[in-house]
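The listed protein sequences correspond, in order, to chains A and B. Residues 934 to 1218 in our numbering are what the first sequence spells out, letter by letter. Residues 676 to 798 in our numbering are what the second sequence spells out, letter by letter. Note that beta-carbon positions come from the ideal geometry of N, C-alpha and C, so glycine has one too. Structure, as structure tokens:
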Amino acid sequence: MTGTTAERRGPEEITGENFVFLQRWVHQETGIVLDDGKRYLVDARLTPLVRDEGLQSLNELCNLLRATRAPHLNRKVLEAMTTNETLFFRDLAPFDALRETIIPELVERNRAIRALRFWSAAASSGQEAYSLAMMLVEMGLGDWNIRIHGTDLSEQMLERARAGQYLQIEVNRGLPARYLVKYFEREGLEWRVQERLRRMVRFERRDLREPMASLGTFDVVLCRNVLIYFDVETKKRILGQIRSRMEPRGYLLLGAAETTFGLDNRFERKPVGGAVFYQIREQCE
Amino acid sequence: MRAMVVDDSRAMRLILRKTLDELGYEVSQAANGREALELLERDPEPVGLVLVDWNMPEMNGIELVRRMRAHPRFTSVRLVMVTTETQTEQMVEALEAGADEYIMKPFTSEVIVEKLRMLGLAA
């Protein structure tokens, strides 16, 4: 049959009932809130998965999720819904602030131990962690004991991050050409981060809502564009976890649209250059 | 600010021009290095930015970059290569010749905006 309404309208749209099912299920599994305005996100993120799994529509995917508890499919759906777009040196102001103010201050503070620890808490495919590594080497700190810890919920993303291998379109984004030729090697059609940088970075799967004690503590935590996806209670819990992993005078960086205000009053806002960081308030008892 | 797009492909010039237009640039065009150099030398006020393709007839992009960098009038002009050449050696050659940035084709308009932002040439 040709020329039916369904064909002219393109792929079958997700029904209201199935969208509500996904909202509840994703919230239950990850704490992430998909409000009604996020329908486009569901379409954009899950349509490729529908195709890869040989399914006909998002509705069929929802039926499958309801009917079975196939762990591999569950994980793929959750990973697709929680992965962020990422680029090297995303937003210049925070990196300028780190380079010009925060890292020089931390270097002074840690001069005796010559160590700095960073946590890229939503590491995705690793661009933020490797951007930090490049910046630190450029600042002459390559011989310090640097640990950049990247965590993410998506094992699939972390595998890419560990490999440090990127498509041309990815290295075009945000990465100065000078750094590309200095810190990457061409491997076929892709570009791979040099081993000296890969050695500075470790990636590990973590759910930010779970206890983090085994991670140790950090001088700087970057957790950008993560809180926006969660409900208030989960945001509070995540900020509490992060706070417990920060050095007393360490710095937290959130996304430009995120704040600790109204969620965790132990944090204090610290504008640095064109960026906003947060530090743990000193106790005045 | 004023900018120039140098590419022998009319379609590519239009794509780049559209992105620069949207950023508020006043854009002129040239189809190869020689034409670009002639226009730039005649221009009473130098442009702030030139996007340069590599492979073009008459004078290629790398030669244009070298000649501009050797010319005292153009030392502060920002030069960005936009090219299908994607080998590390070519990138190094372009940077050593005096290019400020390097964009590999294919690209999206976001890539152009991000690179210009890095150079302080876009908000």
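Could you check what DSSP says for residue i in three-state terms: helix, strand or coil?
| i | result |
| --- | --- |
| Asn-992 of chain A | helix |
| Lys-1009 of chain A | helix |
| Lys-790 of chain B | helix |
| Lys-780 of chain B | coil |
| Asn-1078 of chain A | strand |
| Tyr-1211 of chain A | strand |
| Ser-1147 of chain A | helix |
| Tyr-1099 of chain A | strand |
| Val-1154 of chain A | strand |
| Asn-1198 of chain A | coil |
| Arg-1135 of chain A | strand |
| Pro-1204 of chain A | strand |
| Ala-705 of chain B | strand |
| Thr-1167 of chain A | helix |
| Tyr-1184 of chain A | strand |
| Glu-1120 of chain A | strand |
| Arg-678 of chain B | Note on identity: in this sequence residue 678 of chain B is Ala, with Arg being the wrong assignment. Looking at Ala-678 of chain B - three-state DSSP - the assignment turns out to be strand. |
| Met-1072 of chain A | coil |
| Thr-694 of chain B | helix |
Closer than 6 Å by C-beta to residue i: which residues in its own chain qualify, once you throw out the five before and the five after it? Chain order, please.
| i | result |
| --- | --- |
| Leu-1141 of chain A | Ile-1171 |
| Phe-1021 of chain A | Gln-1060, Ser-1064, Gly-1107, Leu-1108 |
| Met-1014 of chain A | Val-959, Arg-978 |
| Leu-1186 of chain A | Pro-1027, Leu-1155, Phe-1210 |
| Thr-937 of chain A | Annotation note: pLDDT 42 at Thr-937 of chain A (below 50); position unreliable, coordinate value reported separately. Closer than 6 Å at Cβ, skipping near neighbours: no residue. |
| Ala-1062 of chain A | Ser-1053, Ala-1056, Ile-1081, Gly-1083, Val-1134 |
| Thr-1001 of chain A | none |
For residue i and residue j, I'd like the C-alpha separation in whole angstroms.
| i | j | result |
| --- | --- | --- |
| Leu-1160 of chain A | Asp-1085 of chain A | 13 Å |
| Pro-732 of chain B | Gly-699 of chain B | 29 Å |
| Val-975 of chain A | Ser-1057 of chain A | 18 Å |
| Glu-1218 of chain A | Arg-1050 of chain A | Residue confidence is low: Glu-1218 of chain A scores 48 on pLDDT, short of 50, so the model does not pin down where it sits. No coordinate-derived value is stated. |
| Met-793 of chain B | Arg-999 of chain A | 47 Å |
| Glu-1071 of chain A | Leu-1100 of chain A | 23 Å |
| Val-680 of chain B | Met-734 of chain B | 14 Å |
| Arg-941 of chain A | Cys-995 of chain A | Because the pLDDT of Arg-941 of chain A is 42, which lies under 50, any placement of that residue in the model is unreliable, and the question is left without a value. |
| Asn-951 of chain A | Lys-1169 of chain A | 29 Å |
| Thr-1123 of chain A | Thr-963 of chain A | Rather than Thr, the amino acid found at residue 1123 of chain A in this sequence is Glu. Their backbone Cα atoms lie some 32 Å apart in a straight line. |
| Gln-1174 of chain A | Leu-1148 of chain A | 11 Å |
| Thr-694 of chain B | Ala-1045 of chain A | 50 Å |
| Met-766 of chain B | Leu-1011 of chain A | 39 Å |
| Pro-719 of chain B | Gln-1089 of chain A | 55 Å |
| Arg-984 of chain A | Leu-691 of chain B | 34 Å |
| Ile-737 of chain B | Trp-729 of chain B | 6 Å |
| Ser-1087 of chain A | Glu-1191 of chain A | 22 Å |
| Tyr-893 of chain A | Glu-1118 of chain A | Missing from the structure shown is residue 893 of chain A; chain A here goes from 934 to 1218 and no further. |
| Val-722 of chain B | Phe-749 of chain B | 9 Å |
| Met-687 of chain B | Gly-708 of chain B | 15 Å |
Please return the same chain residues whose Cβ sits closer than 7 Å to the Cβ of residue i, not counting the five positions on each side in sequence.
| i | result |
| --- | --- |
| Asp-775 of chain B | Arg-753, Leu-754, Val-755, Leu-794 |
| Arg-1199 of chain A | Arg-1176, Ile-1213, Arg-1214 |
| Ala-705 of chain B | Met-679, Val-681, Ala-711, Leu-714 |
Can you list, in chain order, the residues of its chain with a C-beta nearer than 8 Å to that of residue i? Leave out the 5 residues immediately preceding and following it.
| i | result |
| --- | --- |
| Phe-1151 of chain A | Arg-1050, Phe-1051, Trp-1052, His-1082, Arg-1178, Met-1179, Glu-1180, Gly-1183 |
| Asn-1007 of chain A | Glu-962, Leu-998 |
| Asp-696 of chain B | Val-702 |
| Phe-1194 of chain A | Arg-1202 |
| Leu-982 of chain A | Leu-994, Lys-1009, Val-1010, Ala-1013 |
Is any heavy atom in the ligand SAM found nearer than 7 Å to the beta carbon of residue i?
| i | result |
| --- | --- |
| Gly-736 of chain B | Summarising the ligand content, the structure contains no ligands, and the ligand SAM is consequently not present. |
So which residues of chain E does residue i contact, with C-beta pairs closer than 7 Å?
| i | result |
| --- | --- |
| Met-766 of chain B | The question asks about chain E, but that chain is absent: this structure's protein chains are A and B. |
State whether the stretch 702 to 719 of chain B contacts the stretch 732 to 747 of chain B, with contact taken as three or more CB pairs (one from each stretch) at a distance under 8 Å. In short, these stretches touch, since the Cβ pair count reaches three.
Give, in chain order, every unbroken run of the beta strand (DSSP E) that is at least 3 residues long and sits entirely within the stretch 713 to 763 of chain B. Look at the stretch 713 to 763 of chain B and you find these whole runs of beta strand (DSSP E), each 3 residues long or longer: 724 to 727, 753 to 758.
In chain order, which continuous runs of the beta strand (DSSP E) of length 3 or greater are located wholly inside the stretch 1032 to 1069 of chain A? Listed in chain order, the complete beta strand (DSSP E) runs (minimum 3 residues) inside the stretch 1032 to 1069 of chain A are 1048 to 1053.
Segment contact, 8 Å Cβ cut-off, at least three pairs: the stretch 1026 to 1037 of chain A with the stretch 1200 to 1211 of chain A: Yes, they touch.
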